[in-house]
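Residues in the sequence shown are numbered consecutively from 1, following the UniProt record's numbering. Here a beta-carbon is modelled for each residue, glycine too, at the ideal position from N, C-alpha and C. Model, not experiment: these values are computed from the prediction.
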Amino acid sequence: MMYYKSALELQCFLDYAKDDEIFTGFRTFNMYKHHTVLKDRTSAMADLKFTYVVSCQIYGAQKKSSVEKDHSCYINILNLML
């Protein structure tokens, strides 16, 4: 799980960092010391994307489930999206 979070943080770093920060490198760039805004943004984006993926996995499991309660949750979520 931590590899996914690190990968999402790297992706966000590449999206929002300046050219000189990218050339310095993600691992050598001391995000925690100098750029707290970038650190906060990468952490928040990684958490949002991770939450989205997990939510989609749970939704898919509810869709496939033969348990009435799970299928009911799936139908309710589907109705909210329509």
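Could you please give the first and the last residue of the uninterrupted alpha helix (DSSP H) stretch that includes residue i?
i	result
Ser-55	36-64
Asp-80	Reading the sequence as shown, one finds Leu at residue 80 and not Asp. Segment 68-81, the alpha helix (DSSP H) holding Leu-80.
Compute the Euclidean distance between the alpha carbons of residue i and residue j, then round it to the nearest angstrom.
i	j	result
Asp-19	Ser-55	34 Å
Buried or exposed: which applies to residue i, given that a residue is buried once 16 or more other Cβ atoms fall within 10 Å of its Cβ?
i	result
Thr-51	exposed
Phe-13	buried
From the options, pick the residue whose C-alpha is nearest to that of residue i; which is it?
i	options	result
Thr-36	Tyr-16, Ile-58 and Lys-49	Tyr-16
Ser-43	Glu-68, Glu-9 and Lys-63	Glu-9
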